[in-house]
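Reading through the structure tokens given below for one structure.
2 protein chains.
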Amino acid sequence: MENHIIVAEDHPLFRAALQTALQQALNTPEVTEADTIAALQGALESDANPDLVLLDLNMPGAHGFSGLLYVVGQHPKVPVVVISAQDDEAVIRKAINYGASGFIPKSSSMDVIKSAIQGIINGEKWIPDNVDMSKEAGQEKSEIEEKIATLTPQQFRVLGMISEGMLNKQIAWELNISEATIKAHVTAIFRKLGVRSRTQAVIALQQLELEGSDNSQNNQQPPISNS
Amino acid sequence: MENHIIVAEDHPLFRAALQTALQQALNTPEVTEADTIAALQGALESDANPDLVLLDLNMPGAHGFSGLLYVVGQHPKVPVVVISAQDDEAVIRKAINYGASGFIPKSSSMDVIKSAIQGIINGEKWIPDNVDMSKEAGQEKSEIEEKIATLTPQQFRVLGMISEGMLNKQIAWELNISEATIKAHVTAIFRKLGVRSRTQAVIALQQLELEGSDNSQNNQQPPISNS
DNA sequence: ACCATTGCCACACCATTGTATGGGCCGGAC
DNA sequence: GTCCGGCCCATACAATGGTGTGGCAATGGT
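Chains as they are written, first to last, in UniProt numbering: chain L, 1 to 227; chain R, 1 to 227.
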């Protein structure tokens, strides 16, 4: 069988390793590589129904889970496997809750990666088995996450550039479209995100990244008793 | 002896607990409380030479280590003890490298806190003893961190408000000064940070928070099999 | 006492941002 | 087919953002 796989992975070495794993795990797969979120978007526009997307978190152009949220938001039918160097239980659970079909830690061995890919291609879920997915399975997406998933591809690109500090003028030049159009996109993005300035937009995006790092002082009162 | 201590801590319960610890650890200390970075700044302007500052990370008005950086930048002689719910080794080492005189995890018992305070008042350093500070002791501050330390108190306040998405006009109203003055501050801040827009300024600030969470692929186990 | 430095402030001026309105071109869904 | 929605573009306008210039007061070194 011929499978089309999109590999969205920043690090060239690891991308090559994934290539090898795919060649061995599948029969003559057709692999498209993407090293940025923009490239991933391009690949999904060429073929909106790949059999699988391997997605690294923390790619250039994305922040935290925003890349995953975008893909599952725009292409709900496409199975996405998250590949990440971070393998906290919280990160894994979050990825699955946001619609990923699986999670493969970068520390996995080649054999593990191969079997994971084969399983997922056949419609299974796949996660490291030392993770307990049962508890708290029913988390919801936060506000901002749902909103990001409603952005159109172009809007998502523009938002990414805004959150890199670029001016409307620069974005227009980079995308080869007029500044007037950029402004139109920007206004649309603000409406969807519920903010009123580009500064607030990048602040909203930061929230995304911090949410995973859990923690802290939710309700932990001081452990003090005293004399 | 009369000691003047500033307690900068957001959570009221914990602030009260620290009060108790201070009363017991020291002889009739004079304690000033601050629940925001702005309040801490005010306290430091009233008395620029307190004997000790207890500083919680993640206070309203600060982001990550920016509060610590500001205090040590503007008041290098004042000993600062960081108090935090996060007690990762990386966070602790970072705090010390940025000029903190000690680190007290929020999970510490009352006795530990008392002895820590007593030690630091006497000029010692104090860190949890399960942390190995020897390795990599000579880290340097990153670009952005050094820059933040050069901000004036007012500039620091303004930067904090910018990174909360406020307009110049709103900031002016909040600080009871004219918008023109805010703009002057903003321009000065940008120069010091090396950025050209408020958006880039908040992006620069995010870098600060992410730097600690590094660690990436230190996992070499291939511990997986599958679903 | 003098000067240099630094923070604070205000006015004038230009650049950027954000919105509204209106239009044209597609491709997919009904 | 028609309708809808994304994408593109333009004009005009109001608001906000950012800089240059200069003035004032306080500080600290000489």
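Positions of the beta carbon are idealized from the N, C-alpha and C atoms, including for glycine.
Handout entry: DSSP bridge partner residues for Pro105 of chain R (one or two, in chain order)
Key = R:Ser84
Practice task
Please check if any C-beta of chain L sits within less than 8 Å of the C-beta of Val202 of chain R.
Solution key: yes
Exercise for the section: Please find out if some non-hydrogen atom of the ligand ADP comes closer than 7 Å to the beta-carbon of Ile92 of chain R. Expected result: Among the ligands in the structure shown, none appear at all, so the ligand ADP cannot be discussed.
Exercise for the section: Decide if the stretch 11-25 of chain R is in contact with the stretch 42-50 of chain R; the criterion is three or more beta carbon pairs, one per stretch, under 8 Å apart. Expected result: no
Practice task
List the endpoints of the continuous alpha helix (DSSP H) containing Glu174 of chain R.
Solution key: 168-175
Handout entry: Burial state of Arg157 of chain R (16 or more Cβ within 10 Å)
Key = buried
Exercise for the section: Report yes or no: do three or more beta-carbon pairs, one from the stretch 66-73 of chain R and one from the stretch 111-119 of chain R, lie closer than 8 Å? Expected result: no
Practice task
Specify, as a first and last residue, the run of the beta strand (DSSP E) that Ala34 of chain L falls within.
Solution key: 30-34
Problem - Continuous alpha helix (DSSP H) stretch holding Val91 of chain L: start and end - result: 89-97
Practice task
Kindly indicate the opening and closing residues of the alpha helix (DSSP H) around Ile117 of chain R.
Solution key: 110-121
Practice task
Return the residue from the list R:Asp56, R:Pro50, R:Gln24 that minimises the CA-CA distance to Ile37 of chain R.
Solution key: R:Asp56
Practice task
Output the distance between the C-alpha atoms of Asn122 of chain L and Val91 of chain L, rounded to the nearest integer angstrom.
Solution key: 24 Å
Practice task
Would you kindly check if the distance between the Cβ of Ile127 of chain R and the Cβ of Gly102 of chain R is under 8 Å?
Solution key: yes
Problem - Proximal residues of chain R, C-beta to C-beta of Arg198 of chain L below 7 Å - result: Thr199
Handout entry: Where Ile6 of chain L falls: helix, strand or coil (DSSP)
Key = strand
Exercise for the section: Indicate the three-state DSSP secondary structure (helix, strand or coil) for Val78 of chain L in the structure shown. Expected result: coil
Exercise for the section: Flag this pair as yes or no: are the beta carbons of Ala180 of chain R and Gln118 of chain R separated by less than 8 Å? Expected result: no
Problem - Cut-off 7 Å between Cβ atoms - residues of its own chain near Asp51 of chain R, not counting five sequence neighbours on either side - result: Asn3, His4, Ile5, Ile121
Problem - Extent of the continuous alpha helix (DSSP H) run through Leu52 of chain L - result: Element bounds for Leu52 of chain L: not the alpha helix (DSSP H) but the beta strand (DSSP E), 52-56.
Handout entry: C-alpha gap between Ala116 of chain L and Leu22 of chain L, whole angstroms
Key = 10 Å
Problem - Same chain, Cβ closer than 6 Å to Lys147 of chain L, five either side skipped, listed in chain order - result: Lys192, Leu193
Handout entry: Ile203 of chain R and Val195 of chain L closer than 8 Å at C-beta
Key = no
Problem - Close-in-space but distant-in-sequence residues of the same chain around Tyr70 of chain R (CB under 6 Å, 5 per side omitted) - result: Phe156
Practice task
State the Cα-Cα distance for the pair Val78 of chain L and Met59 of chain L, rounded to the nearest angstrom.
Solution key: 19 Å
Handout entry: C-alpha gap between Gly165 of chain R and Ala172 of chain L, whole angstroms
Key = 24 Å
Exercise for the section: Give the straight-line distance between the Cα atoms of Thr199 of chain L and Pro153 of chain L, rounded to the nearest whole angstrom. Expected result: 21 Å
Handout entry: Pro105 of chain R vs Asp87 of chain R beta-carbon contact at 8 Å
Key = yes
Practice task
Indicate whether Val72 of chain L and Val80 of chain L have their beta-carbon atoms separated by less than 8 Å.
Solution key: yes
Exercise for the section: For Gly165 of chain L, decide whether its Cβ has a neighbour in chain R, counting only Cβ atoms nearer than 8 Å. Expected result: yes
Practice task
Could you check the C-alpha separation between Asp35 of chain L and Gln19 of chain L for me, to the nearest Å?
Solution key: 13 Å
Problem - Spatially closest choice to Pro29 of chain L from L:Gly42, L:Val7, L:Gln41, L:Asn176, by CA coordinates - result: L:Val7
Problem - Contiguous alpha helix (DSSP H) assignments of at least 4 residues, all confined to the UniProt domain "HTH luxR-type" (144-209) of chain L - result: 153-162, 168-175, 179-193
Exercise for the section: Measure from the C-beta of Gln206 of chain L to each C-beta in chain R and report whether the shortest distance is under 8 Å. Expected result: yes
Exercise for the section: Closer than 7 Å by C-beta to Ala188 of chain L: which residues in its own chain qualify, once you throw out the five before and the five after it? Chain order, please. Expected result: Gln155
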